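Have a look at the structure below, then the notes.
Numbering (the numbering used here), first residue to last: 46 to 260.
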């Protein structure tokens, strides 16, 4: 039976899960939850995922996974080939470590900018059911953090084909989507980010990326 993925094609977070699924060749059904109209806050969707976020999948026992890292770990254990957490505990730890650093340094920085400046997100500065006011100072901090993130990524990729281990991994998926997401706030790697630009161009050419973005 195909996995049912609660999704929104335009959003960056579920893109991470779709790329993972495509890399694994796992069939799935995409159930669109329209974030633009606030469908994630509807009573019907709250019964599925009380966190009011995408992506989410429901396991056979009724449990809901609504965090990319948890979904990826479940899929890796259920569909081990091709491995996207490497081979063995050390590889898996390196992948999770790199992915978590990207979430904190990249994703959170973009979110700080976007959610604290976009008129459409007034009083929606954080995802979830509760409303929170925008704080413009956080957007300023986010831009500083995002610049630092690009520098850190560039340094980490010097002499490396992939971010965490010697093969393409979940960390590369997280990093690709973070750099792609930064375009939403008009931030891209600069010319001197040669290693980051090389890596981003190579990863962008993977068939899973185009397929996941289109689905």
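Cβ coordinates follow ideal geometry from the N, Cα and C atoms, glycine included.
A quick note: this is a predicted structure, and the numbers were derived from the prediction, not measured.
Under the 10 Å beta carbon count, residue 121 is surrounded by 16 or more other beta carbons and is classified as buried. A distance below 8 Å between beta-carbons, with the five flanking residues on each side excluded, links residue 249 to the following residues of its chain, in chain order: 221.
Taking all protein chains in view, the Cβ of residue 151 is crowded by 16 or more other Cβ atoms within 10 Å, so the residue is classified as buried.
With a cutoff of 8 Å on beta-carbon distance, residue 183 and residue 168 are scored as not near each other. Where residue 101 is concerned, the enclosing beta strand (DSSP E) starts and stops at 101-103. Here residue 116 is not near residue 128, since their CB atoms are 8 Å or more apart.
By the 16-neighbour rule on beta-carbons within 10 angstroms, residue 145 is exposed. A check of alpha carbon separations from residue 68 across 231, 213 and 191 identifies 213 as the nearest. The distance from the Cβ of residue 260 to that of residue 63 is about 6 Å, consistent with a contact at the 8 Å cut-off. Assigned with DSSP and collapsed to three states, residue 49 falls in strand. For the 8 Å CB-CB criterion, residue 227 and residue 233 form a contact.
Annotation for residue 148: 219 place their beta carbon closer than 7 Å to its own, counting only its chain and skipping 5 residues before and after. Here residue 50 is buried. Its C-beta has 16 or more other C-beta atoms within 10 Å.
Of the candidates 80, 98, 70 and 253, 70 places its Cα closest to the Cα of residue 47. Taking C-beta atoms under 8 Å as the contact rule, residue 172 and residue 98 qualify, at a distance of about 5 Å. For residue 107 and residue 89, the gap between their C-alpha atoms comes out near 16 Å. Counting only runs of 3 or more residues that sit fully inside the region 70-130, the beta strand (DSSP E) segments are 73-77 and 101-103, in chain order. Minimum Cα-Cα distance from residue 139 among the listed residues 125, 242, 211 and 153 corresponds to 211. Residue environment: residue 157 is assigned as buried (16 or more neighbouring CB atoms within 10 Å of its CB, all protein chains considered). In the three-state reduction of the DSSP assignment, residue 169 falls in the strand class.
The criterion of a C-beta distance shorter than 8 Å is not satisfied by residue 209 and residue 200.
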